[in-house]
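So the sequences go chain by chain: A and B. The opening residue of the first sequence carries number 68 in this note's numbering; numbering runs sequentially from there. The opening residue of the second sequence carries number 31 in this note's numbering; numbering runs sequentially from there. Here a beta-carbon is modelled for each residue, glycine too, at the ideal position from N, C-alpha and C. The model shown is predicted, which means the values in this text are computed figures rather than measured ones.
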Amino acid sequence: MSRDGSFSGYSRGEARTRTARSLNFDGTSSGLLGKMARLPWGVILLIVAMALIGIAMLYSSTYTNPAEQHLWKLQLIRFVICFGIMIALAMLPLSWWMNLSWLAYAGTILLLLAVEFFGVTGGGAQRWLRIGPVAVQPSEFAKLAVILALARYYHAMLGANGSRFLIHIGAAVIILIPAALVFLQPDLGTALAIVASGGVVVFLAGLSGRIILAGAAAAAAAVWPVYQFVLEPYQRGRVDTFLAQLFGSSGASTSLGESYQIEQAKIAIGAGGLNGKGWLQGIQSQQDYVPEQHTDFILTVIAEEFGFLGATAILIGFAILLGWSLYIAFQSASNFGRFAVAGATATVAFYVVFNVAMVLGLLPVVGMPLPLISYGGTAMLTAMSCFGLILSAYLHRDDKLNTTGLF
Amino acid sequence: MSKGFHPDQEFSRRMLMAGVGGGVVWAGLVARLFQLQILEGKKYDELANENHIKLELAPPQRGRILDRFGKPLASHRRAGRVTVIPEQLKDPAATIASIRQLIELSDGQVERVMEDIRRARLRRAAFLPVIVANELSYEDFARMNVHAVELPGVQVEMALTRSYPRGRDFAHVLGYVARASQDDLERLTEGKTSDEATTIERMFRHPDMRTGRQGMERFAEEWLRGKPGFKKLVTNAAGRVIDQIPDERLAPEAGKDLFITIDMDLQRVAIERFEGESGAAVVVDIESGDILSMVSTPAFDPNDFVNGISGTDYAALREDSRAPLYPRAHGGVYPPGSTFKMVVATAALETGAIKPTDKVHCNGYYHFGNRTWHCWKKGGHGTVDLHGGIKGSCDVYFYEVARRAGAQAIADTARKFGFGEAWSLGMTGARSGLVPDPEWKMRARKEPWYEGETLNFGIGQGQLGVTPLQLALMTARIATEGHSLKPKLIGLGPKDPDEHVLDAHLDAEIMKLMKSGMYGVTSEWGGTARSSGDLGLGGPRLAGKTGTAQVRRITAAERATGVRKGEDIERELRDHALFVAYAPAENPKYAISVVVEHGEGGSRTAAPVARDILAHAIRTNSGRKPAWTKSASIKPSADEGTPT
């Protein structure tokens with residue numbers, strides 16, 4: 068860190084050449100218009116397409132219900148706002164991101180503490196913080212803040228000499244403070260997501276394989292005590308339900324609570340078959356069989372109405388977005404850029420994996436939305452902010468960010 | 031890793047690992063989708079269908095009731111109705127008030143509807159419709175239809191309702207249907223297995239289901255009811271019905287049509303002929319035993335009962351002094367008066383107590399014991415034999431005949447004619463009346479029989495009580511000269527377990543004497559109904575017998591002051607007028623009995639009514655081949671074919 072603050076990678080030269088060429092062309096590369104022009108519009112189009120599909124699905128699952136049929140418009144407005152925020156974030160130079168990292172992290176910790184003391188209870192957990200007219204979930208911001216702080220941390224600590232085990236202790240602290248606060252709300256899903264995407268950054272930062280194996284073993288050993296003594300009763304119930312349906316005793320207890328939700332979700336997905344029943348034609352979807360269908364279980368609508376092909380297309384869409392993001396991490400000239408992008412990518416990826424696995428009955432119900440597609444403002448904002456960061460990293464992938472020191 | 035660590039390369043290596051890991055997870059998710067949607071898709075598709083398809087009991091359409099020529103007496107009518115779905119009403123009271131501006135609703139109705147809505151919400155059945163108003167007029171239906179759009183949760187629809195197109199004409203024969211009450215359910219499930227009972231209870235809970243409460247509707251319930259089917263309904267997760275899937279195999283089986291022997295037109299003519307007077311008339315085809323007309327007037331309108339009659343309306347019917355609910359023809363018990371004299375004469379002739387030629391002198395009264403019995407004719411009939419006694423309806427003659435025959439013989443003969451026996455023929459409310467005899471009196475009154483009562487018995491008064499139906503059957507047996515008679519009201523329908531043949535032996539010679547007397551009544555000098563003998567058909571005459579049923583005793587004081595005529599007495603104290611007859615006199619086809627309540631004299635009021643009804647029956651040939659025999663005349667089936 069004392070030296071360069073960045074690696075001299077084999078891929079750098081090519082990237083630099085390309086950027087230089089564009090610089091030469093318009094000569095206003097740092098200007099807003101120039102930056103706009105250099106945005107990867109194909110990728111942005113894919114993001115917009117995914118969000119619009121989500122809104123179409125939202126319409127399908129709510130239009131028969133007078134109390135919910137306006138939600139798609141609300142979601143459309145949110146998307147437009149979040150889209151503006153994403154583009155604005157993309158314009159921020161990477162150095163700004165880096166300089167704001169600790170601030171964002173500290174602010175998030177404060178917000179999480181505020182939730183702990185002044186939070187609004189919703190859905191059995193204390194997650195919401197009411198600020199004037201808007202209610203926000205600080206746990207969602209925590210994901211991005213942890214990533215930024217980790218990237219900032221490794222940017223400062225990681226030298227050419229590579230990984231020292233002690234460095235990773237600091238990273239673990241950065242991850243675990245907000246994760247613990249989120250877990251206390253309690254929001255197991257988000258806490259796991261923070262740990263998981265943070266863990267990916269730590270892994271990429273070169274944590275020793277032996278340590279990883281040891282950690283995995285410790286985690287496995289902790290499963291039983293955590294289940295027994297740490298989990299809230301409703302969380303334990305979800306795990307029980309999940310295990311029950313995973314091991315085939317599902318039919319016995321349909322229509323009962325969580326098990327009913329998973330069962331109905333599976334029926335909706337399975338009934339879609341290869342081609343699906345067509346938009347607005349899904350039996351399960353149109354008749355409100357799947358609880359929370361327009362939020363966390365939106366994939367069941369896609370699967371039922373557009374079948375295996377539709378659901379797979381959504382997964383492929385995410386694969387393209389995330390693959391491209393990984394490529395940007397690869398291309399970034401700075402440690403901050405590569406870790407931040409990789410972390411943001413991991414965050415979105417874990418959202419997708421947890422949500423889809425949950426909906427498909429492969430994971431317990433953890434209350435995790437499908438990014439870009441599920442109804443809900445905070446999740447949309449988090450996902451779009453992640454993409455804003457990634458886009459910023461793309462535009463500024465050659466910035467060296469010669470900051471030294473931790474702060 | 032620590033040795034020769036190249037962060038750049040290590041980062042790239044680990045990125046690759048992460049990417050590959052992500053790819054593996056992604057592939058796993060797609061594989062799971064493939065498993066659920068392609069491999070197990072069929073199973074889940076079936077589950078999805080089961081999920082949302084609900085079988086709802088569909089009530090069968092009740093069979094119609096048709097007259098002997100196939101004209102509907104009970105059928106179905108499409109009627110507009112207004113329903114509300116409680117869960118879709120923001121403010122039920124306001125909605126009902128808006129409906130009230132469009133159609134008339136009584137306070138009682140509004141109260142009932144609000145109660146139903148409240149109960150539906152309590153039972154968490156707020157998605158089931160609550161009926162606000164039935165039987166909308168065309169104007170109301172049209173107006174509601176236009177405005178229903180502005181009233182969320184209000185539905186205007188057509189529904190099938192049991193309908194009695196002839197209204198009051200058949201009220202006492204057909205009875206009516208109604209929503210099954212707890213009493214009805216207990217009656218309907220009696221003797222059923224618990225499974226059948228459950229099905230019946232479920233079926234009758236359906237708002238469109240009705241059960242026969244009275245009359246033929248009740249008797250032929252199972253014949254008419256049919257079998258319930260099921261409707262395949264598409265529901266959402268909340269159980270709300272969204273759509274219906276047609277399925278032939280599940281369709282309900284409609285009930286069978288029931289034919290009754292009555293001629294609808296004859297019935298109408300008969301009722302009209304009463305010109306608003308209370309009374310009863312029964313016409314029977316003497317050969318087939320078919321009841322061709324069964325009048326009891328005034329009557330109620332069974333249509334009022336189908337959707338539930340209000341308490342006040344029902345009370346009004348019950349308290350009506352003219353008793354419209356009273357089934358006079360088969361449940362009205364009257365003293366037969368002089369129409370009973372043929373029975374008395376038959377008894378005396380059968381026992382040999384008199385010979386037809388035995389003469390009795392009538393000077394207007396008859397002394398027996400220390401009492402005087404009067405003849406209806408003040409100056410007396412002079413000397414009369416059997417023929418003259420019947421023709422002039424001489425009371426003195428029959429006092430003597432009755433005394434000679436004895437009460438027991440008269441009672442025995444009366445029973446041979448079918449008196450003292452309830453003839454339900456598939457209706458409700460049939461009564462047996464009473465044929466008194468010494469044994470009965472000892473049992474019921476703990477008193478011996480006084481011979482004076484025999485004298486009263488002889489002129490059809492006293493304890494004796496008969497129904498118009500019994501009188502018609504008696505007349506039919508006389509007209510056929512003692513042939514057996516199988517009275518029936520059900521043409522094609524369930525078998526009447528009470529049905530039996532009236533076939534006690536009656537001597538044909540004696541019956542001929544009775545007929546001769548009855549012919550005298552309507553066609554000879556001195557006959558009490560000579561003015562009604564001609565049917566007005568250019569030849570055929572009727573033969574009959576008048577009767578007057580005392581409503582109260584005429585007091586000695588009245589007799590002394592000469593106040594004997596009924597006109598001077600309050601209407602409800604006047605005597606009932608009776609007439610029994612058959613026609614045509616020479617070749618009898620129809621027998622009739624007519625009771626005109628408070629009609630005073632049989633010859634003056636009852637006989638003309640009977641004459642006109644018989645004339646219509648003959649003119650239109652009411653007894654001709656009924657409609658159901660056509661459908662019954664099927665060729666022998668193959669396995670009944672000629673033996674080889």
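### Query
Thinking C-beta only, is Pro366/B closer than 8 Å to Gln580/B?
Translated into positions along the second sequence, residue 580/B becomes position 550. Translated into positions along the second sequence, residue 366/B becomes position 336. No, the Cβ-Cβ distance between Gln580/B and Pro366/B is not below 8 Å.
### Message
Between Leu217/A and chain B, is the shortest Cβ-Cβ distance under 8 Å, so that the two count as touching?
### Response
Numbered from 1 along the first sequence, position 150 holds the residue referred to as residue 217/A. For Leu217/A, the answer is no, since every Cβ of chain B falls outside 8 Å of its Cβ.
### Message
Quick check on Ala452/B: does DSSP put it in helix, strand or coil?
### Response
Position 422 of the second sequence, counted from the start, is the residue given in the question as residue 452/B. Reduced to three states, the DSSP call for Ala452/B is coil.
#### Entry: Cβ-Cβ separation, Ile114/A to Leu439/A (assumed contact under 8 Å), whole Å
The residue labelled residue 439/A in the question sits at position 372 within the first sequence. The residue labelled residue 114/A in the question sits at position 47 within the first sequence. With 8 Å as the limit, Leu439/A and Ile114/A qualify as a contact, their Cβ atoms being about 7 Å apart.
### Query
Going by the beta-carbon positions, is the gap between Leu288/B and Ala345/B smaller than 8 Å?
Here residue 288/B refers to the residue found at position 258 of the second sequence. Here residue 345/B refers to the residue found at position 315 of the second sequence. No; because the gap between Cβ atoms is not below 8 Å, this pair is not in contact.
### Residue nearest to Glu216/B in terms of C-alpha spacing, selected from Arg243/B, Ser193/B and Pro237/B
On the second sequence, residue 216/B is found 186 positions in, with the first residue counted as 1. Among Arg243/B, Ser193/B and Pro237/B, the Cα nearest to that of Glu216/B is on Arg243/B.
### Message
Under 8 Å, with one C-beta from each stretch per pair, do the region 93 to 104 of chain B and the region 290 to 306 of chain B reach the 3-pair mark?
### Response
yes
### Message
Within the continuous beta strand (DSSP E) that includes His606/B, where are the two ends?
### Response
To locate residue 606/B, count along the second sequence from 1; it is residue 576. First-last of the beta strand (DSSP E) with His606/B: His606 to Ala613.
### Query
Does any C-beta atom of chain A lie closer than 8 Å to the C-beta of Ile68/B?
By 1-based counting over the second sequence, the position of residue 68/B is 38. For Ile68/B, the answer is yes, since a Cβ of chain A falls inside 8 Å of its Cβ.
### Query
With distances taken between CB atoms, is the gap from Val624/B to Ala311/B smaller than 8 Å?
Looking up residue 624/B in the second sequence gives position 594. Looking up residue 311/B in the second sequence gives position 281. Taking 8 Å as the Cβ cut-off, Val624/B and Ala311/B qualify as a contacting pair.
### Query
Terminal residues of the continuous alpha helix (DSSP H) containing Lys84/B?
The residue given as residue 84/B occupies position 54 in the second sequence. It is not in any alpha helix (DSSP H) - Lys84/B instead sits in the beta strand (DSSP E) that spans Ile83 to Ala88.
### Task
Look up Asp315/B in the DSSP assignment and give the residues it is bridged to.
Walking along the second sequence from the start, residue 315/B turns up at place 285. Tyr620/B, per the DSSP bridge assignment.
### Span of the alpha helix (DSSP H) around Lys446/B
Position 416 of the second sequence holds residue 446/B. Element bounds for Lys446/B: Ala437 to Lys446.
### Task
Tell me whether the beta-carbon of Gly349/A lies closer than 8 Å to the beta-carbon of Ala335/A.
Residue numbering aside, residue 349/A sits at position 282 when the first sequence is read from its first letter. Residue numbering aside, residue 335/A sits at position 268 when the first sequence is read from its first letter. Between Gly349/A and Ala335/A, the CB-CB gap stays under 8 Å.
### Query
Can we say the region 181 to 195 of chain B touches the region 141 to 152 of chain B, given the rule of at least three CB pairs closer than 8 Å?
Fewer than three beta-carbon pairs drawn from the region 181 to 195 of chain B and the region 141 to 152 of chain B are found closer than 8 Å, and the two stretches are therefore not classed as touching.
### Query
Tyr356/A CB to nearest chain B CB: under 8 Å?
Here residue 356/A corresponds to residue number 289 of the first sequence, with the count starting at 1. At least one chain B Cβ lies under 8 Å of Tyr356/A.
### Task
Taking 8 Å as the threshold, find out whether the region 560 to 568 of chain B comes into contact with the region 627 to 638 of chain B through three or more Cβ pairs.
Touching, yes.
### Message
Please confirm whether Lys682/B has its beta-carbon closer than 8 Å to some beta-carbon of chain A.
### Response
In the structure as shown, chain B begins at 31 and stops at 674. Residue 682/B is therefore absent and cannot be evaluated.
#### Entry: Option in Ile275/B, Lys286/B and Leu280/B with minimal Cα separation from Gly256/B
Your numbering for residue 256/B matches position 226 in the second sequence. Answer by Cα proximity: Lys286/B.
### With 16 other Cβ atoms within 10 Å as the buried cut-off, status of Val297/A
Position 230 of the first sequence, counted from the first residue, corresponds to residue 297/A. Flag for Val297/A reads exposed.
### Query
The beta strand (DSSP E) with Lys261/B in it runs from where to where?
Taking the first residue of the second sequence as 1, we reach residue 261/B at position 231. Per DSSP, Lys261/B is one residue of the beta strand (DSSP E) stretching across Gly259 to Thr265.
#### Entry: Enclosing alpha helix (DSSP H) for Thr413/B [first to last residue]
Start at 1 with the first residue of the second sequence, and residue 413/B comes out as number 383. Thr413/B -> not in any alpha helix (DSSP H); beta strand (DSSP E) instead, spanning Gly412 to Val414.
### Message
Could you pull the DSSP bridge partners for Leu96/B from this structure?
### Response
One-based indexing of the second sequence puts residue 96/B at position 66. According to DSSP, Leu96/B bridges with Pro102/B and Phe289/B.
### Task
Spell out the partners DSSP gives Trp403/B in its beta bridges.
As a first step, residue 403/B is located in the second sequence; it is residue number 373 there, counting from the start. Paired residues: Tyr396/B.
### Query
From Ile236/A to Ile395/A, what distance separates their C-alpha atoms?
Position 169 of the first sequence, counted from the first residue, corresponds to residue 236/A. Position 328 of the first sequence, counted from the first residue, corresponds to residue 395/A. Their backbone Cα atoms lie some 27 Å apart in a straight line.
### Query
Who pairs with Gln185/B in a beta bridge, going by DSSP?
Counting from one through the second sequence, the residue named residue 185/B turns up at place 155. Its beta-bridge partners are Thr113/B.
### Task
Please go through the same chain and pick out, in chain order, the residues whose beta-carbon is closer than 6 Å to the beta-carbon of Ala444/B, but skip the five residues on each side of it.
Translated into positions along the second sequence, residue 444/B becomes position 414. Leaving aside the five residues that flank Ala444/B on each side, the residues in its chain whose CB is nearer than 6 Å to its CB run, in chain order, Val373 and Val465.
### Query
From Ile120/A to Leu382/A, what distance separates their C-alpha atoms?
Residue 120/A sits at position 53 when you count from the first residue of the first sequence. Residue 382/A sits at position 315 when you count from the first residue of the first sequence. Roughly 13 Å between the two C-alpha positions.
### Query
Given that Arg405/A touches chain B, what residues does it touch there, using C-beta distances under 9 Å?
Taking the first residue of the first sequence as position 1, residue 405/A is located at position 338. Under the 9 Å cutoff, chain B gives Phe41 and Met45.
### Task
Flag this pair as yes or no: are the beta carbons of Thr327/B and Ile301/B separated by less than 8 Å?
Counting from 1 along the second sequence, the entry for residue 327/B is found at position 297. Counting from 1 along the second sequence, the entry for residue 301/B is found at position 271. Yes, these two residues count as a Cβ contact at 8 Å.
### Query
Can you tell me whether DSSP reads Ser322/A as helix, strand or coil?
For the purposes of this step, residue 322/A is taken as the residue at position 255 of the first sequence. With a pLDDT of 38 at Ser322/A, under the threshold of 50, the predicted position of this residue should be treated as unreliable, and no value is reported.
### Message
I'd like the list of long-range same chain contacts for Phe364/A, defined as Cβ closer than 7 Å, with 5 residues on each side in sequence excluded.
### Response
Along the first sequence, one-based indexing puts residue 364/A at 297. Closer than 7 Å at Cβ, skipping near neighbours: Ala332, Val357 and Val426.
### Message
I'd like to confirm the pairing. Which residues does DSSP put opposite Leu532/B in its beta bridges?
### Response
Residue mapping note: residue 532/B aligns to position 502 of the second sequence, counting from 1. Answer is Leu515/B.
### Nearest-angstrom Cβ-Cβ length linking Leu211/A and Thr412/A, presumed shorter than 8 Å
Taking the first residue of the first sequence as 1, we reach residue 211/A at position 144. Taking the first residue of the first sequence as 1, we reach residue 412/A at position 345. Wrong, their Cβ atoms sit about 12 Å apart, outside the cutoff.
### Query
Which residues of chain A have a Cβ atom closer than 7 Å to the Cβ of His360/B, listed in chain order?
Within the second sequence, the letter at position 330 stands for residue 360/B. The contacting residues do not exist; His360/B stays about 56 Å from chain A at best.
### Message
Can you tell me whether Ala573/B is helix, strand or coil according to DSSP?
### Response
The sequence position of residue 573/B within the second sequence is 543, counting from 1. Look at Ala573/B here: in three-state DSSP terms it is strand.
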